[in-house]
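Chains as they are written, first to last, in the UniProt record's numbering: chain A, 1 to 122; chain B, 1 to 200.
Even for Gly, the Cβ is constructed at its ideal location relative to N, Cα and C.
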């Protein structure tokens, strides 16, 4: 038997195999289409995006603080607190003395007095 | 179903390109899903069947490959690759995964048409030849079998096979040539049984 005969037979077998390559079992085709429909349905209702989730969280916080009016009051109070801390009005007690009164034990330990530092700098 | 009517590439004859259909699918067009299934489903199944040699497993692989195609549709980048090339690559990877998981190959599960009527001798002989070819294919190393199936059954070009398999064109030529010689060797003793002696 010649190699060319074998190749010729093989070519005919490959030709026969090609004849059946377009067959798709109907049940398999239906399963593929069902998968496609499922994916299309999930694409039609996309999951909440992270940005949208974050936006919802901020809206919730804003509502809990009383809306924009509440947020405005809160911001004003914060700004006033910072300003009072930086430049306290005359009628307010010296915070250093308040601290000294509360932490008198520090003297017994031999530490420097906080009021000395403040008075030297001021 | 006729899977060869219209596909991406030179064979594109009628209807929108696979890539355009994929975009329509992502927009929710159900007709696009049907057309893509008709075009690409048979290809996925055919390659899986020839590479795995097991009908049930080939159906699972083809369905999984198509499911991955549906899922990737919204993110498909135009011009990245031909849809059919991408699908062949997914099918071959899924086949390799299966073969790695189960080394033993069930040759008995290769095509058995559920036809109850007594088929004509010619049809029987044709089926016997395809079965013999499949059995011989299963003796080839995985890469040789993939290359032979893509070249001689799917009739893809060597450059496309090279792209699918991630190798050079020369390597494809070498794989298909060696594969074909090995197939001929496996089938050499079966000429009489397959009716080739009578045809000469």
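Ranked by Cα distance from residue 10/A, the options 42/B, 102/B and 126/B are led by 126/B.
The Cβ-Cβ distance between residue 78/B and residue 160/B does not fall below 9 Å. Judged by beta-carbon spacing, residue 92/B lies beyond the 9 Å limit of residue 167/B, meaning their Cβ atoms are not closer than that value.
For residue 158/B, the enclosing alpha helix (DSSP H) covers residues 158 to 165. Per DSSP, the continuous alpha helix (DSSP H) segment holding residue 93/B begins and ends at 83 to 101. Shown here, residue 45/B sits in a helix according to DSSP, grouped into three states. As the crow flies, the alpha-carbon of residue 64/B is around 12 Å from that of residue 98/B. By the 16-neighbour rule on beta-carbons within 10 angstroms, residue 84/B is buried. Neighbours of residue 71/B across chain A, judged by C-beta separation under 7 Å: 39. Between residue 18/A and residue 153/B the beta-carbon gap is near 6 Å, inside 8 Å, which marks them as a contact. Setting aside the 5 residues that flank it on each side, residue 186/B is surrounded in the same chain by 136 and 139, each with a C-beta closer than 6 Å to its C-beta; the list follows chain order. Contact annotation, residue 61/B with residue 52/B: C-beta distance approximately 7 Å; criterion of less than 8 Å satisfied.
Boundaries of the alpha helix (DSSP H) around residue 38/A: 26 to 44. Residue 183/B is positioned such that its CB atom lies no closer than 9 Å to that of residue 146/B.
Between the alpha carbons of residue 43/B and residue 63/A lies a distance of about 57 Å.
Proximity of residue 69/A to chain B, defined by a Cβ-Cβ separation below 9 Å, is not satisfied. When rounded, the separation of the alpha-carbon atoms in residue 66/A and residue 80/A is 20 Å.
Proximity of chain A to residue 34/B at the Cβ level (cut-off 7 Å) is accounted for by 33, in chain order. Chain B has a Cβ within less than 9 Å of the Cβ of residue 14/A. As the crow flies, the alpha-carbon of residue 89/A is around 37 Å from that of residue 59/A.
Selection 38/A, 69/A, 30/A and 22/A evaluated against residue 29/B yields 38/A as nearest (Cα-Cα). Cβ-Cβ distances below 6 Å link residue 73/B to 22, 25 and 26 in the same chain, with the five nearest sequence neighbours on each side left out; the list follows chain order.
Non-local C-beta neighbours of residue 180/B in its own chain, meaning closer than 6 Å and more than five positions away in sequence, are absent. Per DSSP, the continuous alpha helix (DSSP H) segment holding residue 148/B begins and ends at 142 to 148.
Boundaries of the alpha helix (DSSP H) around residue 25/B: 18 to 26. In this structure residue 16/A does not touch residue 148/B by the C-beta definition: roughly 15 Å separates them, more than the 8 Å allowed. Taking a beta-carbon distance threshold of 9 Å, residue 17/B does not count as an interface residue toward chain A. Annotation: residue 35/B to residue 177/B spans about 35 Å, alpha carbon to alpha carbon. Counting only residues of its own chain and dropping the five nearest sequence neighbours on each side, residue 33/A has no CB closer than 7 Å to any other CB. Among the CB atoms of chain A, one or more fall inside 9 Å of the CB of residue 42/B.
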